[in-house]
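K.L.:
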Amino acid sequence: TIATPDYDEAQMERLGELMPLGRLPQADDIAQAVLYLVDAAAVTGQTLYVDGGAHIRSYDRDFMHLCR
């Protein structure tokens with residue numbers, strides 16, 4: 079995850095602290111998930127979340143306002 083004009087590095091770090099993983103997913107996390115799916119022939123029709131656990135939290139899906 080990269081900083082944008084709306085969210086600087088410090089805000090992105092605070093957002094990562096809200097994740098169950100304790101950080102935002104990195105490009106390598108996504109790459110590892112892709113490699114798994116490419117290799118796992120028996121896995122079909124599944125949703126694989128690579129979001130640091132954000133999908134299991136109870137806050138609104140648009141939670142970026144929490145890190146301001």
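Numbering (the numbering used here), first residue to last: 79 to 146.
Glycine is no exception: its CB is placed at the ideal position from the N, C-alpha and C atoms.
1. In angstroms, rounded to a whole number, what distance separates the CA positions of Gln110 and Gly123?
2. Once DSSP output is grouped into helix, strand and coil, what is the label at Tyr114?
3. With 16 as the cutoff for other CB atoms within 10 Å, does Gly131 come out buried or exposed?
4. Should Leu126 be labelled buried (16 or more other beta-carbon atoms within 10 Å of its own) or exposed?
5. Going by CA-CA distance only, name the one from Leu113, Ala120 and Gly100 that's closest to Glu91.
6. Can you tell me the Cβ-Cβ gap for Ile108 and Val121, rounded? I've got them flagged as a contact below 8 Å.
P.N.:
By the coordinates alone:
1. 18 Å
2. helix
3. exposed
4. exposed
5. Gly100
6. Actually they are not in contact, since the Cβ atoms of Ile108 and Val121 sit about 16 Å apart, beyond 8 Å.
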